[in-house]
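Reading the sequence shown from the start, the letters are residues -26 to -1, 1 to 960 in mature numbering (1 follows the signal peptide of the UniProt record, and there is no 0). Ideal placement from N, C-alpha and C gives every residue a C-beta, glycine not left out. Bear in mind that the values here come from a model prediction, so they are computed numbers and not experimental data. Please read the structure below before turning to the comments.
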Amino acid sequence: MSMPLKGPILSSLVLALLGWESTSEAAVQCQRTLVANVVALDQPLMFNRLGAQNANGMMFALREDVVDDKMVPLSSGGAAVPGKVTLRPDKRPRPIVLRVAAGECLTVNLTNLLDYKANPNKDGIEAEEPEGEEEGPELENEAAEGFVADEQVAERMVGFQVNGMQAVNSIADISAYTGRNGNFFVSPGSTRSYTLYAEREGAFAATSKAATFGGEGTAGNVANGLFGQVVVVPKLGRTYRNTLTEEEMRLATTGRTATGQPVIDYEARYPQMQPWIAEGKAGKPIIAMVDGNEIINSETDAIVMGPNPDGSFPKSTYPLENLGKRNPALPNRLEAFRDFASQFADEVAGTQAFPGYWADPVMGHVLEPTRDSFMINYGSGGMGAEVVANRLGVGPMHDCLSCAYEEFFLSAHTVGDVGTLVDVPANVGLEHIRPGEVPPASAVGVKASMALFPAEPANVHHSYIGDFTKFRNTHNGHEQHIFHLHGHQWLFNPNDDNSDYIDAQGIGAGVGYTYEIANGGAGNRNRVAGDAIYHCHFYPHFAQGMWAMWRVHDVFEEGTRLEVSGQGENGFHSTPFALRSGKPAVGARALPDGEIVAGTPIPAIVPLPGKAMAPMPGKVVVVPKLSEALVAANDDDDEPEEEEDEEPANQEPVRKAIGSLALVDRSDANRNADGTLKNPGYPFWIGGMESSVGNRPPTPPLDMLDPVMARQLKESGKALWANLDPNQVDGWDGGLGRHALDGVSAGGEAETTTTKLDFTKVVHKAKPIYLPEEGTDVEQAAMQFHAQAEHQSFALIPGSQPVAKAFRTNGALPTAGAPFYEPCMDDRGKRLTQSSGVGEFFSGESLSGLNFRGSSAFTADHPRIYKGANIQFDAVYNKVGYHFPQARIIALWEDAWPVITKQRPPEPLVMRMNTFDCTMYQHTNLIPNIYEMDDYQVRTPTDVIGQHIHLPKWDLTAADGSANGWNYEDGILSPGSVVERVQAIR
């Protein structure tokens, strides 16, 4: 029996028969057609610096970025032979991102240059030779037999299907082979074009459906990296690169503002000379992602400008603005913005950094939930390999004495920036080591001499405080995920001011979301700088590597001057593709590292047009971190052995370089007019950057401030401490002042257990590095900088002269729990106190309305206070007696002992607050520093606990409840850990 036709269906049929078309059915009118010349190729993929990899990776890339086996770009006449091409050496492998504006069309000219046979790479990815060294046996990569991923599908046809985008010409524009339609896939050596219509703004997942068998969920070659994303930006949007190398920013600079920032020509082009000719870049745009009508850049991050002279968009771009109104949560929605692509992939094909551990039938099972298997943009930071690397003594965590378990796996102080790629991965020489085996001395310690790909060396997105920002999140895989971002929020529907206000979004396979960051964008309402982690909120996925960072900067970053820039004339590289190397020049501004002696590069971050540029930074350099133990001058892995027939040189023992530290210039030339230090910029003012990189960072300043010290600081007469209130604080350090522990190279000793049942680590001897509770001189310089609401600066207007404009920061003095970024403020930047009057917030009835007002009895100087204690107790769940002996919960201070002794029933801690309330949370850790083995978990170190919260505002660097990126370790040590450390120090 046939189903009856419903009304809407019948209406559509009648309209079609009468020759009428609804708007959605009308013929596509392309305002412009952009062309992307895309190549599908076999490309080995390295996922992180420890060595997780897929030697038989696959990807889509622009023809611009592909070279033949003689290193000639295909765009410059290179031979397009299947299986004989690779990504250009200076281009980091990333999933392709193609950006077009709403109303435009996209033509993808897809060329299939996959090898004719699947899995062409039979060996692992070879480590590069460190500069100035011959390759020795200890650097030979042994990851071959049994450890090379070979999960490519035998079928070598490819396609480029974009979920949610319309075909323009015919069904042949949909890259598929279904039903009675033709086969619209591409065989090796062939090319086919697909034209799609970008109807509306959004993020759209792109995959090949030519080989769907194999992989998880019949995903075919998705597990090998063959996927991408199409981003549709607002109508009339123009796209530019977000980060550059220092050389590229220098090439695009036409002058300097009165406050020192470079004046950028957004339309600058590479010189018509070598080495850019050999690289296929000569005469092409440096920053613009489109040349004429061809997309020439597919980077993960971008800047999107509107058609107005200052890069802004017309009011007609969005519904509310078109009516002269504004969504109160998105006050700067019409500005140019940062556009960050985040492509999730799960259960990827690959080999682990230490495959011998995962090959063990028992240990492999124990480590399975922490393997590198869940990726963002081809980068991973799985917890398991990081713990193993520390136990073996390799990688940036090689010297970390106190790195025990999960507490360090997100911290850049110990693991470096997530997803960093290096010349010599940490696993080289250890590919076959098994649990319990002692690694050879030649295979441990420092290996990497540089990070690679200086324009995007890590899985870190970059912006400045106050930049409007959008995330484009797609997922290619088979599992569900939850995208969660720290320190920032967005509306589920940015066109509706009544929409849900969220910081987490579930996402399934093939789905795409856009997250328009609320309250001004980067830094939120209280204008924070720091590292905002984002990750899958399913913890096993998080622990398997699905996390990345958004770094919000407070000073202008021109990029790290590189060693290779000294090769040629005028400070530019001379060897083609030399900008693969990210080794900083001596004396350059760069990030310190727990392994790389020269440090790692900071990308040049292109400023948004129309926005006040961040102030220029105070001077800081990277210096080697030296071990305290003396070694023979020639007993260094970086030096060749002496010939046997030569007399040994008469040299004094030396201290070996084991990594690097920051060094802030404290000369008069690097001070402000009032004598205070210039702000070196985040993250250089974070405690420990000059002393303990490679080890866990210290707690934030003022974090354990007690009433006595608060009163002393407030009565000292120093204006910086005017907002401290002894009645608000109740800190206690347990008898161990603010500190970090130095590493094994400083004489530290620990007893480590790494078995199928036990992962404990006990520190027996340690050297402390003490820091003042009120902060170091550099930390106080940063406090002073962010307490100033406005900084004289300029905004760039493309094609015109810069205009004077103030760069805004937090504007409030430090308080306990918020030493840099006071959260209790309104949209004018006013600190909400008992005497400040009502807060003024964006109201939306006009583009500048601030008529939404309110206040609370609980203010920044009189907050609501909750005192919570983390406790462990034997939780009884029912009358039968089912119980959990190691239950861990949070209780109010006065309820902790009654719950433990079963005098009071346990219950979840609920903190109730009203709109406009300011709240202080005082956090105590009463939990043992070991979780004893049970049926679910190995014996586990639990030496520190933090407290993270969603949705409110806080100091990102000091109150995020974790140790993310270069932020502080915002947690409280267990009583047992305090005792252990005190004994180790003594």
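Q. Taking the runs of the beta strand (DSSP E) that are 3 residues or longer, which of them lie wholly in the stretch 760 to 798?
A. Runs of the beta strand (DSSP E) inside the stretch 760 to 798: 764 to 769, 777 to 782.
Q) Cβ atoms of residue 136 and residue 201: under 8 Å apart, would you say? A) Between residue 201 and residue 136, the CB-CB gap reaches or exceeds 8 Å.
**Q.** Status (buried if at least 16 other CB within 10 Å, exposed otherwise) for residue 372
**A.** buried
Q: Using three-state DSSP, classify residue 247 as helix, strand or coil.
A: Note: residue 247 maps to coil in three-state DSSP.
Q: Alpha carbon to alpha carbon, how far is residue 810 from residue 442? Give it in angstroms, no decimals.
A: Those two C-alpha atoms are separated by around 28 Å.
Q: Just the C-alpha distance for residue 659 and residue 332, rounded to the nearest angstrom, thanks.
A: 39 Å
(Q) Out of 558, 386, 226, 551, which one is the CA nearest neighbour of residue 963? (A) No information on residue 963 is available, as it lies outside the stretch -26 to 960 that the chain covers here.
Q | Length of the line joining the Cα atoms of residue 641 and residue 563 | A | 16 Å
Q. Leaving out five residues before and five after residue 482 in sequence, what residues of the same chain have Cβ atoms less than 7 Å from its Cβ?
A. 449, 454
**Q.** Nearest neighbour of residue 842, chosen from 756, 71, 519, 862 [CA to CA]
**A.** 862
**Q.** Beta-carbon proximity check, residue 477 vs residue 925, cutoff 8 Å
**A.** yes
(Q) Nearest by alpha-carbon distance to residue 316: which of 494, 228, 508 is it? (A) 508
Q. Apart from the five residues just before and just after residue 503, which ones in its own chain have a Cβ nearer than 7 Å to its Cβ?
A. Exclusion of the five residues before and after residue 503 leaves 439, 497, 526, 527, 528, 656 as the residues of its chain whose Cβ lies within less than 7 Å of its Cβ.
Q) If you run the structure through DSSP and keep just helix, strand and coil, what is residue 922? A) coil
Q) Given 8 Å as the limit, is there contact between the stretch 594 to 606 and the stretch 553 to 569, that is, 3 or more CB pairs closer than that? A) Cβ pair count under 8 Å is three or more, so yes.
Q.
In this structure, how does DSSP classify residue 951 when only helix, strand and coil are distinguished?
A. helix
**Q.** Assigned secondary structure, residue 959 (DSSP; H/G/I helix, E/B strand, else coil)
**A.** helix
Q: Less than 8 Å between the CB atoms is what I'm expecting for residue 887 and residue 838, so what's the real figure, rounded?
A: 6 Å
Q. So, are the CB atoms of residue 761 and residue 791 less than 8 Å apart?
A. No, the pair does not count as a contact, with Cβ atoms beyond the cut-off.
Q: Check the DSSP bridge columns for residue 33 and list the partner residues they point to.
A: 15
Q.
Could you give the first and the last residue of the continuous beta strand (DSSP E) run that contains residue 524?
A. 521 to 527
Q: Determine the burial state of residue 589: buried for a count of at least 16 other Cβ atoms within 10 Å of its Cβ, exposed for fewer.
A: If you draw a 10 Å sphere on the C-beta of residue 589, you find 16 or more other C-beta atoms in it, and that means buried.
Q. What distance in whole Å lies between the Cβ atoms of residue 812 and residue 845, which are believed to be in contact at a cut-off of 8 Å?
A. Not a contact, Cβ separation roughly 40 Å.
Q) For residue 511 versus residue 321, is the C-beta distance shorter than 8 Å? A) Contact: no.
Q: Report all residues from its chain with a CB closer than 6 Å to the CB of residue 390; omit the five preceding and five following residues, and keep chain order.
A: 370, 567
**Q.** Extent of the continuous beta strand (DSSP E) to which residue 6 belongs
**A.** Run containing residue 6: none; DSSP gives neither H nor E here.
Q: Please confirm if the stretch 343 to 363 is in contact with the stretch 9 to 28, defined as three or more CB-CB distances below 8 Å between the two stretches.
A: yes
**Q.** Per-residue burial, residue 467 [other beta carbons within 10 Å of its own, 16 or more giving buried]
**A.** Only exposed fits residue 467, as fewer than 16 other CB atoms lie within 10 angstroms of its CB.
Q) For residue 763, which residues of its own chain have a beta-carbon under 8 Å away from its beta-carbon, when the five flanking residues on both sides are left out? A) 782, 783, 784, 785, 803
Q.
Applying the 10 Å Cβ sphere with the 16-neighbour rule, what's the burial state of residue 919?
A. Burial state of residue 919 is buried, judged by a 10 Å Cβ sphere holding 16 or more other Cβ atoms.
Q) Counting along the chain, where does the beta strand (DSSP E) carrying residue 279 start and finish? A) Counting along the chain, the beta strand (DSSP E) containing residue 279 begins and ends at 275 to 279.
Q) For the candidate residues 38, 39, 40, 21, whose alpha-carbon lies nearest to that of residue 31? A) 21
(Q) Whole angstroms are fine: how far does the CA of residue 328 sit from the CA of residue 359? (A) 7 Å
Q. Quick one: what does DSSP say residue 808 is sitting in, helix, strand or coil?
A. If DSSP states are grouped into helix, strand and coil, residue 808 belongs with coil.
Q) Which ranges would you report for the beta strand (DSSP E) in the stretch 695 to 737 if only whole runs of at least 3 residues count? A) 713 to 715, 723 to 726
Q) On the three-state DSSP scale, how would you describe residue 197? A) Secondary structure of residue 197 (DSSP, three-state): helix.
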